[in-house]
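Number of protein chains: 2
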Amino acid sequence: MEYSSINKINCQLGTERSVIREIFEYGNMRASQVGRENVFDFSLGNPAVRTPKCIDDSIVRLVSDSNFNVHGYTSAQGAFEVRRSIAKSISDRFSVNAAADDIYVTCGAAASLTITLNALCNSGDRVIAFAPYFPEYKVFSNGAGAEFESVEADTEKFQINFDGFEKALTPNTKAVIVNSPNNPSGAVLTEKTIIRMCEMLREYSKRFKHPIYIISDEPYRELVYDGIDVAYIPKYYDDTIVCYSYSKSLSLAGERIGYIFVSPKVNNAKEVYAAICGAGRKLGFVCAPALMQYAISENPGCVCDISQYKLNRDLLYGALTEYGYSCVHPDGAFYLFVKSPVADAVRFCELAKKYDLLLVPSDSFGCKGYMRVSYCVDTDMIRRALPLFKKLIDNL
Amino acid sequence: MEYSSINKINCQLGTERSVIREIFEYGNMRASQVGRENVFDFSLGNPAVRTPKCIDDSIVRLVSDSNFNVHGYTSAQGAFEVRRSIAKSISDRFSVNAAADDIYVTCGAAASLTITLNALCNSGDRVIAFAPYFPEYKVFSNGAGAEFESVEADTEKFQINFDGFEKALTPNTKAVIVNSPNNPSGAVLTEKTIIRMCEMLREYSKRFKHPIYIISDEPYRELVYDGIDVAYIPKYYDDTIVCYSYSKSLSLAGERIGYIFVSPKVNNAKEVYAAICGAGRKLGFVCAPALMQYAISENPGCVCDISQYKLNRDLLYGALTEYGYSCVHPDGAFYLFVKSPVADAVRFCELAKKYDLLLVPSDSFGCKGYMRVSYCVDTDMIRRALPLFKKLIDNL
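Chains as they are written, first to last, in the numbering used here: chain U, -11 to 384; chain C, -11 to 384.
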């Protein structure tokens, strides 16, 4: 029998070699050869800091409450009391007006993004992101029928390359994805950068006679160090949709819990919210995991202990720059974005493997010549890895 | 500023009046007027039986284990040990060969369906379901780029109308969704029906020179009464993909946990599985909720106590048929599909509202002239509602 064509695009998406996954599997293979303690895996983004006790306490209390059907369906946009709690927390922290009906609770950041992109985009629309960017932005944009375009990186400070940005704006531009603090660079956009970006977008929205939306992807919002402030974009730009996740702030990456906040200042906000409800329905989300909805809403403003990440960052940044590596000082997230000492970062990461240092070359982030070094790892592993980082650069 | 077109289809999907939701809101309004105990809501599908204690015990134990990162990312297709546990349970119960790599763990039945449909379908493909059917099948099929076609109901026994089925099969038919036990009819397909359906599909697959897949949507598999056997379709038809959810069997509807089983006998099973991985990625699922993955895998074969559903079914079926209502005896799920005593079921459901009986007219299930009466409710509410069901039909 001849083979019927299944969906080739999805087949390819499921088959293509993921750089990070291959590193992960290589790490497991090496661990079986030389012992787990001798493999130094800096490729992961799985939070290393424990989930705050208050969350696990809430989970235990919720499942023990025989008067409450904690595992039942909630409404599609999230339980009302959960949305009210999230809206209050946003209003309190950022001095914006957020109501329960502006919030749509999601199965994490990826769901926030695919739902928002499907709600906004029609075939032929364009979505812009600034390099270096999370590679799935392209997959999610294409999945929503849009074309994806990246703006070349500002490699000096990992802010925004405004010349490139202005060139990328076309009448088909539907949305710009902003990710601050940034994966993979760790950079936080300054208020000055954001004001300039918003001015440019207002100008071009007017010129093109339709809003260009900002999709603010903020899973790392709370992971900033030294008291750095992360500007809240809805305060600077009306047509902003915030995509949030508790994956990093509460170390709940596997639980898939986050939300979309449609700023009430968005043009036709109620229609945008309705399109979000419709996109969530079409994609098959039904509702966000119920137990996690209640657990996070019982603990507004709770954040995991990020002092370990700060310790790791300072340790790794201090040592690597001392050894001669070049790296912009990261204010947030849990990644160092280190310039490859040789032009080809893929080749350098291969060299690093000889020391059992596992790093991610930056090519898939749309910005060649760097390595992403994740520091959401045990501090002890960093300490043991430092002499190897030194040998690696000294022996080039 | 002129309004930029957001995605109109999704906007409409999020705006359109949901019959069940309107009934729910009407019920809340009436409850505030006459008291919750005087409103008899038979419109819901939220499991009324408590989640088995073993699941909640697992949850408590898992979050209390400080040596295990229970909330971290799992691999996209599900944690390996979870997939192994599910595969073993399938192999043991149904005498088929299922391996961990044939299982893709999902965020519940809707996700299982949207991922499978996106994996299989290309634009212009057709997906068939038998009326009465779960209305979201159409939304999910269209969302995957396919056309949806329903086969008129066999209203005698709610098996399959084979004449209508044969007419619906075209060279563009990519898949048939089978839902046994059925929402809304409660019918279970007999082995005889399944054998005949599979023979017809084999014949037409051969004629059209490509496989026609069966998507077996089985969230109600374990909710059957009187020892009825629910045939496992992968044993009868090679090109079968099972979409399962623990929503009903473990009363975890809000937690979004289920799986896809790609039978290893499926034509090019590895490519189909890859397309499923790709579709899950594109739609933004990342992984199924981690804590729930581990909790269900620790308790293979566990099912909630369905004796309350059986009690409810017997009570309601016995009384309604005694009062003069007509209804096929349902072998499974938790719905009675009652013939409307007047031709227009929507009108009859309006009449029922005068007695504060909330029923769902069957129009949205693709089969007019019936009401869905959900019995996943308190038995006591049924007892108190019975005299009203009698008055309703007596006073016509």
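Every residue gets a Cβ at the ideal spot worked out from N, C-alpha and C, and that includes glycine.
Predicted, not measured: the structure shown is a model, and the values here were computed from it.
For D205 of chain C, the enclosing beta strand (DSSP E) stretches over residues Y201 to D205.
Distances from the CA of C42 of chain U to each of U:E310, U:E286, U:F322 and U:L345 were compared; the closest alpha carbon is that of U:E286. Around the CB of D227 of chain U, 16 or more other CB atoms lie within 10 Å, so the residue is classed as buried. Taking the Cβ atoms as the reference, C231 of chain C lies roughly 6 Å from I248 of chain C, within the contact range of under 8 Å.
Scanning chain U for C-beta atoms nearer than 7 Å to the C-beta of F128 of chain C yields G272, reported in chain order. Of the residues assessed, L384 of chain U falls on the exposed side of the cut-off, its CB having fewer than 16 other CB atoms within 10 angstroms.
The beta carbons of C265 of chain U and Q65 of chain U sit about 6 Å from each other, so the pair counts as a contact at 8 Å. Among the residues facing chain C, T3 of chain U is included, as its CB has a counterpart in that chain under 8 Å away. Residue pairing of S(-7) of chain C in beta bridges, as defined by DSSP: absent, with no partner found. F377 of chain C sits away from L346 of chain C, with the two beta carbons spaced by 8 Å or more. For the C-beta of N34 of chain C, the chain U residues within less than 8 Å are, from N- to C-terminus, N57, G60 and Y61.
A direct Cα-Cα distance of roughly 35 Å separates E137 of chain C from A163 of chain U. For the options U:D368, U:I47 and U:Y323, the alpha carbon positioned closest to that of Y121 of chain U is the one of U:Y323. The alpha-carbon separation between R360 of chain C and I74 of chain U amounts to approximately 36 Å. For the region 138 to 156 of chain U, there are no residues whose beta carbon sits under 8 Å from a beta carbon of chain C. In this structure, DSSP gives C337 of chain C a helical state, which the three-state scheme calls helix.
Using a C-beta cut-off of 8 Å, the region 108 to 123 of chain C makes contact with the region 147 to 159 of chain C, since at least three inter-stretch Cβ pairs fall below that distance. Close partners of C275 of chain U in chain C (Cβ separation under 8 Å): G242 and R244. When rounded, the separation of the alpha-carbon atoms in I294 of chain U and G96 of chain U is 20 Å. In the structure shown, S52 of chain U adopts helical secondary structure according to DSSP, grouped into three states. Residue pairing from DSSP leaves L177 of chain C without any beta-bridge partner. Against L101 of chain C, the close residues of chain U are G272, in the order they occur along the chain (beta-carbon pairs closer than 9 Å). Around the CB of P159 of chain U, fewer than 16 other CB atoms lie within 10 Å, so the residue is classed as exposed. Put simply, the backbone Cα of E179 of chain U is about 6 Å away from that of A219 of chain U. The residue among U:E243, U:I221 and U:F273 with its C-alpha nearest the C-alpha of K253 of chain U is U:I221.
For L108 of chain C, the residues of chain U that pass the 8 Å Cβ criterion are I(-6) and N(-5), in the order they occur in the chain.
C:N(-2) is the residue among C:N(-2), C:N255, C:C109 and C:C186 whose C-alpha sits nearest the C-alpha of A132 of chain U. Close partners of C(-1) of chain U in chain C (Cβ separation under 7 Å): E259, A262, A263 and G266. R195 of chain C and R81 of chain C have their C-alpha atoms spaced approximately 34 Å apart. Going by DSSP, Y247 of chain C is part of no alpha helix (DSSP H) but of the beta strand (DSSP E) stretching over G246 to V250.
Taken in chain order, the whole beta strand (DSSP E) runs of length 3 or more contained in the region 65 to 139 of chain C are 91 to 94, 114 to 118 and 135 to 139. By the CB criterion at 8 Å, V70 of chain C and V48 of chain C fall outside the cutoff.
For the region 37 to 50 of chain C, the set of residues with a beta-carbon nearer than 7 Å to any beta-carbon of chain U comprises T39, D44, I47 and V48, in chain order. Considering only C:I91, C:P123, C:A134 and C:V127, the residue with the shortest C-alpha distance to C109 of chain C is C:A134.
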